[in-house]
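Taking it in order: structure first as structure tokens, then the write-up.
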Amino acid sequence: MLMFKSLWKEYPTVKEGDRTPCRNSSGKPNFNYQCAIRLGVALTRNGVNMNSYPPGGRCWFGHKGHTLRAEQLANWLKNQIHDVGTVQVLKNVTYKDVTDSGIVFFKDFWGPRGNRDHIDIWDGTRFPPNTGMLDYFGRSNEVWLWVIK
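For this note's numbering, add 10 to where a residue sits in the sequence shown, where the first one is 1.
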């Protein structure tokens, strides 16, 4: 089972201070939004087997652990009970209501039609540096939480 302390330690913004770990050879980010990539990198570094993640949802530049699409990663995680446990789907919550550490997915909370998502890790009080914002909880239609101790 995944341990939160190790997941946090291996998160790209914590380990390297890197918000955009998927870059081309000249150092330019390959994608504007890399939340799923950051989590995929941390999961891979923690020994989570990503082989069953859909091939079309992976970075086509060949980077290990670079998963794309927050909602696709969240749906994949729902089936990884042996690694991350069972998901809790929460509605009408604020950050103050979510005091457990784990993986958190914010469904449909921003963008032109309010249909964009975000996935991250949460220690019960904060996100890793330069990733999420506290108002994501209240703005989301649903918050999915995988509690990881």
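Positions of the beta carbon are idealized from the N, C-alpha and C atoms, including for glycine.
In its own chain, which residues sit with a C-beta less than 7 Å from the C-beta of residue i, not counting the 5 before and 5 after it?
i, result
"Arg33", "Pro39, Asn40"
"Asn162", "Since the first and last residues shown for the chain are 11 and 159, residue 162 lies out of range."
"Pro31", "Pro22, Gln44, Ile47, Arg48, Val51"
Which stretch, first to last residue, makes up the alpha helix (DSSP H) that contains residue i?
i, result
"Arg55", "45-55"
"Ile91", "91-94"
"Leu17", "14-19"
"Glu81", "80-87"
"Val24", "22-25"
Who are the near neighbours of residue i in its chain, counting only those whose CB is closer than 6 Å to its CB and skipping five residues on each side?
i, result
"Asn140", "Thr23, Arg29"
Taking the beta strand (DSSP E) that residue i belongs to, which residues open and close that run?
i, result
"Gly112", "112-120"
"Arg149", "Careful: Arg149 lies outside any beta strand (DSSP E), inside the alpha helix (DSSP H) at 146-149."
"Leu100", "98-100"
"Val153", "152-157"
Just to confirm, is the Cβ distance from residue i to residue j under 8 Å?
i, j, result
"Val103", "Trp156", "no"
"Leu12", "Asp130", "no"
Report buried or exposed for residue i, applying the criterion of at least 16 other Cβ atoms within 10 angstroms of its Cβ.
i, result
"Leu134", "Reading off the sequence shown, one finds Gly at residue 134, where the question assumed Leu. Exposed is the call here."
"Val153", "buried"
"Leu83", "buried"
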